[in-house]
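So the sequence shown is numbered by my numbering: it starts at 8 and just counts up by one.
All C-beta atoms, glycine included, are put in the ideal place defined by N, C-alpha and C.
Each remark here refers to the structure printed beneath this line.
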Amino acid sequence: MNTTEKIVLAFKQITTASDNLRKEVQLINIINAPLQGFKIAEGFAKIISAIAEYTIKINEGGVKNYNSPLPDADAQIVVQSLTTFVQVHQALLNVVIGKHGLLTLIPFFEPIRLSLVSLEATIDAFAFALIAEIPTQKPAADVQFGSLSVTLQVAITTYSSPILESNNLQEMNTTEKIVLAFKQITTASDNLRKEVQLINIINAPLQGFKIAEGFAKIISAIAEYTIKINEGGVKNYNSPLPDADAQIVVQSLTTFVQVHQALLNVVIGKHGLLTLIPFFEPIRLSLVSLEATIDAFAFALIAEIPTQKPAADVQFGSLSVTLQVAITTYSSPLAKLGETMKEIAISA
């Protein structure tokens with residue numbers, strides 16, 4: 008397949024996934040809501056992971072090489088697929104918005120809310136990658152992504168609730184909010200590292216769900232913080248943080264990177280055991296989604312701290328290397344027997 012055919016196929020798959028999820032959400036009522044809630048959260052997670060993975064595939068196909076965009080005829084085909092996806096995905100979001108009352112009654116309301124936030128960040132990264140491939144159809148693509156963004160914002164607003172439970176949040180400046188955000192996601196990463204470290208051949212089936220869930224929470228938090236940073240001024244390049252504040256932010260970033268790399272290294276080390284449990288694939292998809300989410304986060308954060316861009320680039324670059332190793336490690340669905348037996352021996 009050429010690049011155009013791959014993109015069209017990707018759109019077909021995520022469009023089908025969106026339409027299938029729409030049908031499931033449509034069936035929700037007061038009786039079955041508790042049972043359907045998990046399926047909705049899981050469905051959104053799969054769509055987000057798929058979009059993130061397709062974003063990486065598009066990037067590998069040439070978005071980094073601006074000398075090789077798709078010809079206009081192919082770009083028009085891509086926009087047709089994009090238009091269909093947007094229409095179907097808006098239909099899904101409108102049903103989710105309409106079911107808000109019922110979904111607030113079930114324990115999966117919060118994961119659904121976080122999924123919507125994560126979806127926004129993932130689609131932003133996807134739009135950036137795709138539009139670079141079809142510059143001649145950029146206006147048409149912008150219209151479609153803009154239309155989807157409006158519906159997505161309505162959904163997020165409908166399901167919105169404070170992410171930071173602090174009475175003084177409104178009094179915090181941008182730097183304080185960013186530092187607090189780093190503290191929370193750093194703590195979440197370290198807590199997940201401790202859980203992964205405890206995995207052995209006996210408890211792996213029980214721990215698998217916790218790992219997938221832990222990554223989902225971290226991804227959603229980073230995506231939501233990206234939006235918060237954007238609202239704080241990243242769209243206004245005339246108001247970056249002063250250098251003193253930028254240095255404070257980089258210190259928090261450095262700590263986060265160190266802790267998150269420690270988590271990823273443990274996940275890499277447990278690869279053999281984790282391939283034996285049914286949550287191996289969700290963990291792999293989480294790593295792919297994490298990469299796309301961190302890319303969007305890096306773009307937003309660096310725009311706030313231009314004087315410390317070199318230092319921030321070093322940190323994000325270092326994290327990207329470890330993340331790539333993790334993704335590569337989990338690209339193979341089968342554990343090597345020797346590696347697995349070695350891990351079992353160590354765990355024993």
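**Q.** Span of the alpha helix (DSSP H), counted from its first residue to its last, around lysine 277
**A.** Lysine 277 -> no alpha helix (DSSP H), and no H or E assigned at all.
Q) Going by Cα to Cα distance, which pick from Val102, Asp131 and Asn180 is closest to threonine 165? A) Val102
Q.
According to DSSP, simplified to helix, strand and coil, what is lysine 106?
A. coil
Q) On the three-state DSSP scale, how would you describe leucine 126? A) helix
Q | Inter-residue spacing [alpha-carbon to alpha-carbon] between isoleucine 58 and serine 227 | A | 15 Å
**Q.** Span separating the alpha-carbon of glutamate 202 from that of alanine 223
**A.** 15 Å
Q) Would you call the region 114 to 130 and the region 138 to 147 touching, i.e. three or more CB-CB distances under 8 Å? A) no
Q. Cα separation between threonine 336 and threonine 261?
A. 24 Å
Q.
On a Cα-Cα basis, can you pick out the residue from Gln87, Asp26 and Ile65 that is closest to glycine 50?
A. Asp26
**Q.** Per-residue burial, glutamine 214 [other beta carbons within 10 Å of its own, 16 or more giving buried]
**A.** buried
Q: Give the secondary structure of serine 25 by DSSP, where H, G and I count as helix, E and B as strand, and everything else as coil.
A: helix
Q) Would you report the Cα separation of isoleucine 192 and aspartate 79, rounded to the nearest angstrom? A) 42 Å
Q | Pairwise C-alpha distance: serine 246 and phenylalanine 135 | A | 23 Å
Q) From which residue to which residue does the alpha helix (DSSP H) around isoleucine 208 run? A) It is not in any alpha helix (DSSP H) - isoleucine 208 carries neither H nor E in the DSSP assignment.
Q: For isoleucine 255, I'd like the list of residues in its chain whose CB is within less than 7 Å of its CB, leaving aside the five on either flank, ordered along the chain.
A: Thr182 and Val186
Q. According to the Cβ coordinates, are alanine 132 and aspartate 320 closer than 7 Å?
A. no
(Q) Taking the straight line between their C-alpha atoms, what separation do you get for leucine 77 and lysine 217? (A) 42 Å
(Q) Given this structure, state the Cα-to-Cα distance separating threonine 91 from alanine 147, to the nearest angstrom. (A) 13 Å
Q) How is proline 78 classed by DSSP in three states: helix, strand or coil? A) coil
**Q.** Of the residues Arg120, Val93 and Gln94, the one placed nearest isoleucine 104, counting alpha carbons only
**A.** Arg120
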